[in-house]
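Engineer: Here's a structure for you.
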Amino acid sequence: MAVIPDTPEWARDPVEAYLGRLGAERGLSGHTIAAYRRDLARFFDFADRFGKRSITGVDRLVVRRFVAQLSTRGYARRSIARTVSAVRTFFTDAARRGLVESNPASGVGTPKLAKRLPRSLPSGSLGRLLDDLPAETPIEVRDRALLEVLYGTGLRVSEAASLDVEDVRATDLVRVRGKGSVDRTVPFAGSARRAVDYYLGRGRPGLTTDHSGGALWLGARGGRLGDRGIRRAVRARVGTFPHALRHSFATHLLEGGADLRAVQELLGHVELATTETYTAVSRQHLKATYDRSHPRA
Numbered sequence: 001m002a003v004i005p006d007t008p009e010w011a012r013d014p015v016e017a018y019l020g021r022l023g024a025e026r027g028l029s030g031h032t033i034a035a036y037r038r039d040l041a042r043f044f045d046f047a048d049r050f051g052k053r054s055i056t057g058v059d060r061l062v063v064r065r066f067v068a069q070l071s072t073r074g075y076a077r078r079s080i081a082r083t084v085s086a087v088r089t090f091f092t093d094a095a096r097r098g099l100v101e102s103n104p105a106s107g108v109g110t111p112k113l114a115k116r117l118p119r120s121l122p123s124g125s126l127g128r129l130l131d132d133l134p135a136e137t138p139i140e141v142r143d144r145a146l147l148e149v150l151y152g153t154g155l156r157v158s159e160a161a162s163l164d165v166e167d168v169r170a171t172d173l174v175r176v177r178g179k180g181s182v183d184r185t186v187p188f189a190g191s192a193r194r195a196v197d198y199y200l201g202r203g204r205p206g207l208t209t210d211h212s213g214g215a216l217w218l219g220a221r222g223g224r225l226g227d228r229g230i231r232r233a234v235r236a237r238v239g240t241f242p243h244a245l246r247h248s249f250a251t252h253l254l255e256g257g258a259d260l261r262a263v264q265e266l267l268g269h270v271e272l273a274t275t276e277t278y279t280a281v282s283r284q285h286l287k288a289t290y291d292r293s294h295p296r297a
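Using the working numbering, read the sequence shown as starting at 1 and increasing by one per residue.
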């Protein structure tokens, strides 16, 4: 594992001020802020060794040499693109605030990324898997309800973890706070609704302790089940990541004829282009169906 260098002293204050604004203004998670800090530390350490001693001295040549170094050291294309994006957005902010005259990372190219399609699970096998999950102990009842909610609503892990009992009690619509502190409403019905009702009656009471509060999902010790606990539960029950259930939610909606913009709203995507990725998955499904079913295929 590569060692992450410290940010040089001359860049530390502007970097930390920038990261503070990211957290306050855009509501980014601690994990995302930490990733920005690592990428910027790696870049400014390179600039320091290149002889720079202030952010105003950083020019396009430094950024290009930095990208070349990452490539020659075998960094993945996606990692390079992410790091350069962090540098670019830092200097965009700095230029906007008059700290530098222009953005030295503007126009600097990065390796082209192979387009990765979201991974989804076949609807039939996923449905059978959920139906066959055990639901005897409180933990089993919780996990089955959790999986039904993740697949039935398309929530992100952090959104599901933040749910309280009052958010889901006696309602067919749930309001959640997504990335960037943007609220949205998602339908909450069918199997997800039934599984949660059963969990509230037969599962959660067996996990509740004095410190449970209003958290919907409880761990074995009665505290709120966090992101990591949800990932472990999904991995244990269906052998995949929670995001695969979110991908499946979107893909199966589109395969069923749902409108793309409606799916965008349900997922909480800011850009329609992000949601459009799923249309390629749906096209693959249609092509496979044609190849399998048409006598002249």
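Idealized CB from N, CA, C, for every residue including glycine.
All of these numbers come straight from a predicted model, not from anything done at the bench.
What's the call for THR150, buried or exposed, on a 16-neighbour Cβ count within 10 Å?
Structural biologist: Looking at the sequence shown, residue 150 is not Thr but Leu. Counting Cβ neighbours within 10 Å, LEU150 comes out buried, since at least 16 surround it.
Engineer: Using the three-state DSSP reduction, which class does ALA215 fall into: helix, strand or coil?
Structural biologist: Correct three-state label for ALA215: strand.
Engineer: Count the other C-beta atoms from every protein chain shown that fall within 10 angstroms of the C-beta of PRO134, then say buried if there are 16 or more, exposed otherwise.
Structural biologist: Exposed, since its Cβ has fewer than 16 Cβ neighbours within 10 Å.
Engineer: Counting Cβ pairs closer than 8 Å, one from the segment 46 to 57 and one from the segment 5 to 20, do we hit at least three?
Structural biologist: Touching, per the Cβ criterion.
Engineer: What residue range does the alpha helix (DSSP H) around ASP324 cover?
Structural biologist: Nothing about residue 324 can be read from this structure; the chain reaches only from 1 to 297.
Engineer: Taking DSSP as the reference, what is the three-state secondary structure of PRO8?
Structural biologist: In this structure, PRO8 counts as coil in the three-state DSSP scheme.
Engineer: Quick check: the segment 187 to 201 against the segment 166 to 177, are there 3 or more CB pairs under 8 Å?
Structural biologist: Cβ pair count under 8 Å is three or more, so yes.
Engineer: Can you give me the Cβ contacts of ARG177 inside the same chain, cut-off strictly under 6 Å, excluding the 5 residues immediately before and after it?
Structural biologist: Excluding residues within five positions, the ones whose Cβ falls inside 6 Å are ASP183.
Engineer: To the nearest angstrom, report how far apart TYR290 and GLU255 are at their CA atoms.
Structural biologist: With a pLDDT of only 44 at TYR290, under the threshold of 50, the placement of this residue in the model should not be trusted, and no figure is reported.
Engineer: Can you tell me whether LEU286 is buried or exposed? The criterion is at least 16 other CB atoms within 10 Å of its CB, across all chains shown.
Structural biologist: Summary for LEU286: the model assigns pLDDT 48, below 50, so the residue's position carries little reliability, and this model does not support an answer.
Engineer: Does the beta-carbon distance from PRO122 to GLY203 come in below 9 Å?
Structural biologist: No, these two residues do not count as a Cβ contact at 9 Å.
Engineer: Under a Cβ-count criterion, where at least 16 other Cβ atoms within 10 Å of its own Cβ denotes burial, should GLY107 be classed as buried or exposed?
Structural biologist: Classification for GLY107: exposed.
Engineer: Indicate the three-state DSSP secondary structure (helix, strand or coil) for ARG53 in the structure shown.
Structural biologist: Correct three-state label for ARG53: coil.
Engineer: How many Å lie between ASP93 and GLN69 at the Cα?
Structural biologist: When rounded, the distance between both Cα atoms is 25 Å.
Engineer: Taking the straight line between their C-alpha atoms, what separation do you get for MET1 and PHE91?
Structural biologist: Confidence at MET1 is low in this model, with a pLDDT of 49, below 50, so the placement of that residue is unreliable and no value is reported for it.
Engineer: Quickly, what does DSSP pair VAL186 with across the bridge? List them, please.
Structural biologist: DSSP lists VAL174 as partners of VAL186.
Engineer: DSSP on ARG221, reduced to helix/strand/coil?
Structural biologist: Three-state result, ARG221: coil.
Engineer: From ASP164 to ARG246, what does the alpha carbon distance come to, in whole angstroms?
Structural biologist: Computed Cα separation, rounded: 20 Å.
Engineer: Rounded to whole angstroms, what's the CA-CA distance from VAL63 to ARG38? Just pull it up for me.
Structural biologist: If you take the alpha carbons of VAL63 and ARG38, they lie about 16 Å apart.
Engineer: Spell out the partners DSSP gives ASP164 in its beta bridges.
Structural biologist: For ASP164, which the question treats as bridged, DSSP gives the partners ALA215.
Engineer: Who are the near neighbours of VAL100 in its chain, counting only those whose CB is closer than 7 Å to its CB and skipping five residues on each side?
Structural biologist: Taken in chain order, the residues that qualify are ILE55, THR56, PHE91 and ALA94.
Engineer: Would VAL270 be called buried (16 or more neighbouring beta carbons within 10 Å of its own) or exposed?
Structural biologist: It counts as exposed.
Engineer: Could you please give the first and the last residue of the uninterrupted alpha helix (DSSP H) stretch that includes TYR151?
Structural biologist: 138 to 153 is the extent of the alpha helix (DSSP H) around TYR151.
Engineer: When you compare only the Cα positions, how much space is there between LEU272 and ARG77?
Structural biologist: The straight-line gap from Cα to Cα measures roughly 24 Å.
Engineer: Check whether the Cβ atoms of ARG224 and GLY213 sit closer than 9 Å, and answer yes or no.
Structural biologist: The answer is yes: Cβ separation under 9 Å.
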